[in-house]
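Visitor: Can you keep this structure in mind? I'll have questions shortly.
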């Protein structure tokens, strides 16, 4: 941590401040007197120092971190890739590209089972489907809830596909555990629901953690850190587009986040091209780009009848369209070190 | 709702689609054939129609809403200002400018009581203080939790100031009710924690709802709508800065949101200049601007010793600085139809 | 164009307004009376109507365009791909992936010639190099200017590679024409320098038009329209990252812009992975993603000694690194309908 | 300037790098060995060092500036406020609040003269009006050009009000000087038209420099630095809203920029509430907020018949509305150290 002092700070103020820093945080302090400002360098573990407290001192002009504030999610301390492995042996983060597909919302047994069979046939190894739905409007369809989990399990029984579904509240954890959800999704709007993250840290179920609407890459890793700090290291990161001024797409897919997350963290990274663009015809080029940028997997919305979908119809592929996209992924994945 | 059809859609497709719309949503459909496209206008209550479902139809090029999707928060249907009134008669949204002040975190009885007395003396009518703290890092101070609520109550007993404090999880609701929290704050990171909003809709306790880090004005009102749809109409909106590319300030205070929210909604609007800028010396000019733009109140962080604060020290005023700011507010408020 | 009237507008006001619209713009007006608002639909050519003038009318609540405001750049009116062809037969927009490479700044004959030979050997068909440099600081190196153009020509003589270089001002047009610059680049900061765009519209030299730092896709196309309206239809669009709140990268590559521009316009689209990320190691994954998303070409910064580069060293590849990236592009391009 | 080295860099690499830095830039280098990284601190004048060149070195992890890269615009080196004074004695930046008003576009002698008289009567000391108009569409009205300058002069003769008008190109400079334009405006889209800024640096005419659509505060000051570096220190900064994801307003007024620019620079700061919001009814609250935040002036669009305006009608006040706003400004200015 580097602290720039104000030009008019006195020697006494400076020395008092340095003594305080050494005392409070157990760090060594290196002083460097420049022509215009004096700079302090803190040596030791500064990840737990609150940068705001330092900045609040009247002689401080600015404070900058040198070390990343995340540890368990940091590749520096865990050089090897984390591969999340399900009980049935399926993996996310290994050589196999993970393909997660299914409808935005679970709507009926017929619907979820039909979609499950179709996406499995096309190559998907995981079934996604929303039982509890976060909706901007209180008047919109909120999901089938517990019944939705049952229907997902029916589809799982039929196909063997493990289930990925979103949990919206700490109150649903027991239900999700009883239902045997294979991968618990934390949605973008809950990425900084810290109470929820902390609880999920006590499970061993893999967590698919979506990047918040305007979360930085560092904030995404800090949220992963919350889960990992509790003991659950099965975290899968998901880039799903960020909010920008551009209105043509629902969000702007931050494709750079994929190679960056792979470089600075050891956690697997999947991409959601459906939510990123919000438009069905954009799913294919965005999925291609994600694989080319090094993603470990894709999560894609597929519905047997998009115009009748109870949510997110505009971005859902039909099973036929998904067949095509999955075929393309299969073709190109080997050029990027993956197979489908 | 206005639906633009693709240029190549056939008359049969169009007629089938119109029949479906009338059937499914109970609306009348007006057709308007332009030189390049055909446009459909839906007449009736379209607030509950999911725009995505419409967009998912293969003959639809784009869909646009004409009506706002919020109703209970909409001034069109409730022309008079909502004034939130506490049992002791204190109001937010009336002629009196609401001044809410206190430390970011409650740290000790001495601290909270001292700050409470000082801010009360300066003119604050409400005491804020965090017991449960949402922190980006799992390693940062997370608040005194239940004990923090007790200390707030001690300060309330001493001063009579009603308490405003943040609730982070549905699991804390009972505790907050038992503790008699006067105004429950929903933080920016929980603005779209819909499970939480729904539960708060069943209370009568006033809710201070902070705008999310990158929430639109419409999304803020939709979150208010969640609470109001459940029966709790005591919602206070809070502008606290939005995320932009500018890095000098922590967030960018969207000052326009104040007059806009006042115009399109009937709910009271307060501004948080402390979190918006993240810098103590910016609090005064931003507070002035907020009052000048028509805010119903301000929520300001005050700490008796900012450099020793356990959180957000860099943006906290000292009690002396707050005396000055409150004095300035008192001077200018009457020019904007308020008094302190 | 669709105009929503205010709920309280009278029938007389409405009829007067409609008569004015028909009179002023020669359009037919369709009236549709909804339960809450009245909506007017304008039939005819509305591309030249200023939306602000309509919005300024006191009875208007909001105005929305149905038609795109660009025509010459619009695929609807020009369904076939534009392929920009140089006198020597080289093309951008056809089956061949265009690879444009070279240093940020031209620094010396030895430097530019060496880099030109190396990138040519690796597969680049065009040489880029800055002679006039837009720099944020007046104290930074501003380019070799006219001498830089001479050195580019020396490298062109040596290698036969056509030259792509940035023009910063209308005053440089004659110089660029005399120097025989093959493709004139308009930088991001000049994307809305309308006086410049208009002048470039009178040339036949191809223009590489970079998207502005925070330009929308529509604004980029409107700037292309400025050039095309003057008679120069040789416009190449360039996505080079947009400004967002994320600070890890210099800009955020908007990968979705590639398929979108290809769909709604007929102009060729190239991607600049060097400026998008601002980091040399990100160039490869972003270049891969760009090809996978359907780009017609790439523009990549290569320097023979990046740490000694007079500008943008941090994002420049060495010739060896470029060899590797070009080799990867060659491998994957055929899967996306292109060859190198 | 602070340079963080990569953890795996060797002592020899480090020493070579340090020698190079001292040699190339004439700075002293301070080395500080931390537990995880080694940090170098550069002592001396680093404002002219290109941060990218440093970052390009293979042993460098990150580079951060401690000093601001602007000097002439920096309050640290010029503690006293700059007050821009016109030949007739009128000032911007002093005790008097500068009120600049007039139509977006000059349309006719009758129009500009009528508006000039009305705004003068209401208290404006400067007349604004566009003769050359930057328009997103090549098909929109582009201004009366040279004739517009004549009409502005006619209005100036009638009223004595000095003229503020936008210059879009270096080619217009002579025309503007001949026309005796009192204050030359550089529009948001030209804020980084460096060729133009450099030329304006050779004049003595005051420059009203508008912040770019997504320019940072530092970039705005760097553009002022370009002008000042040439010898023209009569620069007036203008905050006019920045681009964000919020779509209710055309731009988001960054009200914090006002006190920040006043603190870190000595240049006067004016606010444009008309362009910031893009909505006439927002002008009053935003103007109030600007004055309350410490602005030195306001630039407001006024048109005698907004619905018939050739540009920007939706954000123009009528003369009567401006009378009201100017009256409110007069009332509140004294509370913020200004008078009208």
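Protein chains in written order, with the working numbering: chain H, 2 to 341; chain B, 2 to 341; chain A, 2 to 341; chain L, 2 to 341.
Every residue gets a Cβ at the ideal spot worked out from N, C-alpha and C, and that includes glycine.
Keep in mind it's a predicted model, so treat the numbers as computed, not measured.
#1: Excluding the 5 residues flanking residue 278 of chain L on each side, which residues of the same chain have their C-beta closer than 8 Å to its C-beta?
#2: Do you know offhand how far residue 267 of chain H's Cα is from residue 331 of chain A's?
#3: Are the beta-carbon atoms belonging to residue 35 of chain B and residue 44 of chain A less than 7 Å from one another?
#4: Pick out the complete beta strand (DSSP E) segments inside the stretch 170 to 202 of chain L, 3 residues or longer, and give them in chain order.
#5: Using a Cβ cut-off of 8 Å, which residues of the stretch 228 to 245 of chain B contact any Cβ in chain A, in chain order?
#6: Would residue 130 of chain A be called buried (16 or more neighbouring beta carbons within 10 Å of its own) or exposed?
#7: Looking at the C-beta of residue 18 of chain B, does it have a partner C-beta in chain L at a distance below 7 Å?
#8: Are the C-beta atoms of residue 171 of chain H and some chain B residue less than 7 Å apart?
#9: What residues in the stretch 65 to 80 of chain B bring their beta carbon closer than 9 Å to a beta carbon of chain H?
#10: Under a CB-based cut-off of 7 Å, is residue 226 of chain H close to chain A?
#11: Cutting at 7 Å between CB atoms, please list the residues of its own chain near residue 37 of chain H, excluding the five before and the five after it.
#12: In whole angstroms, give me the CA-to-CA distance for residue 164 of chain B and residue 136 of chain B.
#13: Measuring only between beta-carbons, confirm whether residue 218 of chain A sits less than 7 Å from chain H.
#14: Please report how far the alpha carbon of residue 134 of chain A lies from the alpha carbon of residue 192 of chain L, in whole angstroms.
#15: Residues in its own chain within less than 7 Å of residue 121 of chain B by CB, not counting five upstream and five downstream?
#16: Looking only at C-alpha atoms, which of A:297, A:216 and A:63 sits nearest to residue 270 of chain A?
#17: Please name the residue, chosen from A:245, A:244 and A:103, that lies closest to residue 300 of chain A on a Cα-to-Cα basis.
#18: Look up residue 99 of chain H in the DSSP assignment and give the residues it is bridged to.
#19: For residue 275 of chain A, which of A:322, A:233, A:262 and A:236 has the nearest alpha-carbon?
#20: With 7 Å as the threshold, decide whether the Cβ of residue 249 of chain H is near any Cβ in chain B.
#21: For residue 324 of chain H, would you say it is in contact with chain A, using Cβ-to-Cβ distances shorter than 7 Å as the test?
#22: Taking a contact to mean a Cβ-Cβ separation below 7 Å, would you say residue 263 of chain B touches residue 295 of chain B in this structure?
#23: Taking 7 Å as the limit between beta carbons, can you name the residues of its chain near residue 79 of chain H, skipping five residues before and five after?
#24: For the stretch 48 to 66 of chain B against the stretch 136 to 156 of chain H, do three or more pairs of beta-carbon atoms, one drawn from each stretch, fall closer than 8 Å, so that the two count as touching?
#25: Would you mind stating whether residue 107 of chain A and residue 176 of chain A have Cβ atoms separated by less than 7 Å?
#26: Using the beta-carbon count (16 or more within 10 Å), is residue 157 of chain L buried or exposed?
#27: Pair every Cβ in the stretch 91 to 103 of chain B with every Cβ in the stretch 13 to 21 of chain B, then say whether three or more of these pairs are closer than 8 Å.
#28: Over what stretch of residues does the alpha helix (DSSP H) that includes residue 265 of chain H continue unbroken?
#29: How many angstroms separate the CA atom of residue 1 of chain H from the CA atom of residue 155 of chain H?
#30: Determine the burial state of residue 24 of chain H: buried for a count of at least 16 other Cβ atoms within 10 Å of its Cβ, exposed for fewer.
#31: Could you check whether residue 73 of chain B and residue 226 of chain B sit closer than 7 Å to each other, using their CB atoms as the reference points?
#32: Let me see if you follow: with CB-CB separation under 7 Å, is residue 289 of chain A close to chain H or not?
#33: Compare the beta carbon distance of residue 33 of chain B and residue 202 of chain A with 7 Å and say whether it is the shorter of the two.
#34: Look up residue 13 of chain L in the DSSP assignment and say whether it is helix, strand or coil.
#35: Residue 89 of chain L: which of L:28, L:81 and L:183 sits nearest, CA to CA?
#36: Check whether chain L comes within 7 Å of residue 274 of chain B, counting only Cβ atoms and requiring the distance to be less than that.
Guide: Inspection of the coordinates gives the following:
#1: 242, 250, 251, 252, 254, 284, 287 and 316
#2: 29 Å
#3: yes
#4: 184 to 187
#5: 244 and 245
#6: buried
#7: no
#8: yes
#9: 70, 71 and 72
#10: no
#11: 8
#12: 21 Å
#13: yes
#14: 16 Å
#15: 160 and 162
#16: A:297
#17: A:103
#18: H:298
#19: A:322
#20: no
#21: no
#22: yes
#23: 267
#24: yes
#25: no
#26: buried
#27: no
#28: 258 to 265
#29: There is simply no residue 1 of chain H to check, as chain H begins at 2 and stops at 341 in what is shown.
#30: exposed
#31: yes
#32: yes
#33: no
#34: helix
#35: L:183
#36: no
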